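Here's the structure, in structure tokens; my notes come after.
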Ligand code: UDP
């Protein structure tokens, strides 16, 4: 009998980034064990994965003890990706206690598994560890401006705690680790009701609903297409770098939300009105990654510009929502 392939465990593998990651890992010869509690995942993300060779889904919440299926395969697990946590503000604020526990207790369970199995562990951390940043663009050495009392704290501080625990495991030689700080990412497989700006604006335009701009739209974000993000995550996991350094992954092209809106409206003509709503509490004013570290350590940089990624994303949403937009279909 030939040798069995190594297993990559992907926690949160039915989610937006996780589902693209699962596919990419099967294409690279891994068996993939996908854990997800289906809190924010879309069932259709799983449907496109289920037929992939070597793909197994286990419904499980990493806040609880890891399921027997995982422990049974522990010796074959060589890679653990932790992508498990609701990442959109309205979603992670709906159950803030669970958000914090997912990041702290869930990460602990996966780190323990990494210690037992000898697998390398990658934490998907976030640009939110920089909070509402005073340093622009954000370099990894910047320690952040984060509120521990506000409504974003369950996520921001949860991820900061998860980073601290991950680096402690590495410092004590209990696990080999990698930490990616993910900046805003978009693309197919986002939930139409995710509540984030790309999915909201595109879906509102497609359905002719009011288009919601929070604040005056002068706040900025930098949007990375999901295929670039997945490539960055796998390169980081597979690189031989010193895992004690977090690595920013994101696209440094920075836009105001107003500019993003103009791009959406040029792509999806709509009868919907643009309405301005209050800026959410602690909403960062500016965000843009400094990716010099990823460039030099991983030879990675994003390839897909927003003018290519946005039409592909809008075409995918149009199909999901059953909206016929012949002009967009060519983009997919
Ligand atoms: N935003 C907006 N309209 C929406 C959703 C979000 O103007 O329908 C704004 C939001 O206030 C923020 C930016 O878009 O300034 C990005 O928000 P998102 O929730 O996508 O991500 P995050 O705030 O986590 O970067």
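In our numbering, the protein residues as written are 76 to 407. Each residue gets a CB set at the ideal place from its N, CA and C atoms; glycine is no exception. The model shown is predicted, which means the values in this text are computed figures rather than measured ones.
I'd like to know whether the C-beta atoms of residue i and residue j end up nearer to each other than 8 Å.
i, j, result
"residue 362", "residue 296", "yes"
"residue 267", "residue 274", "yes"
"residue 201", "residue 92", "no"
"residue 149", "residue 281", "no"
"residue 166", "residue 270", "yes"
"residue 277", "residue 389", "yes"
"residue 326", "residue 299", "yes"
"residue 120", "residue 94", "yes"
"residue 187", "residue 82", "no"
"residue 241", "residue 254", "yes"
"residue 139", "residue 197", "no"
"residue 147", "residue 105", "no"
"residue 332", "residue 356", "no"
"residue 292", "residue 336", "yes"
"residue 184", "residue 137", "yes"
"residue 305", "residue 135", "no"
Under the three-state reduction of DSSP, which class applies to residue i: helix, strand or coil?
i, result
"residue 97", "helix"
"residue 304", "helix"
"residue 352", "strand"
"residue 277", "helix"
"residue 151", "helix"
"residue 364", "strand"
"residue 299", "strand"
"residue 141", "coil"
"residue 320", "coil"
"residue 287", "strand"
"residue 89", "coil"
"residue 391", "helix"
"residue 242", "helix"
"residue 369", "helix"
"residue 232", "helix"
"residue 213", "strand"
"residue 134", "strand"
"residue 259", "coil"
"residue 251", "coil"
"residue 206", "strand"
"residue 314", "coil"
"residue 328", "coil"
"residue 200", "strand"
"residue 76", "Bear in mind that the predicted position of residue 76 carries a pLDDT of just 47, short of 50, making it too unreliable to give a figure here."
"residue 376", "coil"
"residue 120", "helix"
"residue 107", "strand"
"residue 194", "coil"
"residue 113", "coil"
"residue 161", "coil"
"residue 127", "coil"
"residue 404", "Any reading at residue 404 needs caution, since the residue's pLDDT is 48, under 50, leaving its predicted position unreliable; the model's value is listed next. Residue 404: helix per DSSP, three-state reduction."
"residue 81", "coil"
Using the beta-carbon count (16 or more within 10 Å), is residue i buried or exposed?
i, result
"residue 109", "buried"
"residue 307", "buried"
"residue 78", "exposed"
"residue 368", "buried"
"residue 399", "exposed"
"residue 371", "exposed"
"residue 143", "exposed"
"residue 358", "exposed"
"residue 213", "buried"
"residue 199", "buried"
"residue 216", "exposed"
"residue 234", "buried"
"residue 207", "buried"
"residue 397", "exposed"
"residue 239", "exposed"
"residue 126", "exposed"
"residue 404", "Confidence in residue 404 is poor, its pLDDT being 48 and thus under 50, which makes the residue's placement too unreliable to answer from."
"residue 374", "exposed"
"residue 344", "exposed"
Is the shortest distance between the beta-carbon of residue i and the beta-carbons of chain D less than 8 Å?
i, result
"residue 287", "Reference to chain D is not applicable here, since this structure consists of a single protein chain."
* **Quiz: which residues have CB nearer than 7 Å to the ligand UDP non-hydrogen atoms** => 163, 164, 203, 259, 270, 271, 272, 273, 275, 276, 287, 288, 289, 290, 292, 294, 296, 332, 354, 355, 358, 359, 362
* **Any 3 or more C-beta pairs closer than 8 Å across the segment 308 to 324 and the segment 244 to 257** => yes
* Asked: So does the segment 106 to 122 actually touch the segment 77 to 91, counting three or more Cβ pairs closer than 8 Å?
  -> yes
* Asked: Given 8 Å as the limit, is there contact between the segment 167 to 175 and the segment 228 to 235, that is, 3 or more CB pairs closer than that?
  -> yes
* Cβ contact (3+ pairs, closer than 8 Å) linking the segment 344 to 351 and the segment 283 to 293 -> yes
* Asked: How about the segment 378 to 387 and the segment 212 to 225: do they share at least three Cβ pairs that are nearer than 8 Å?
  -> no
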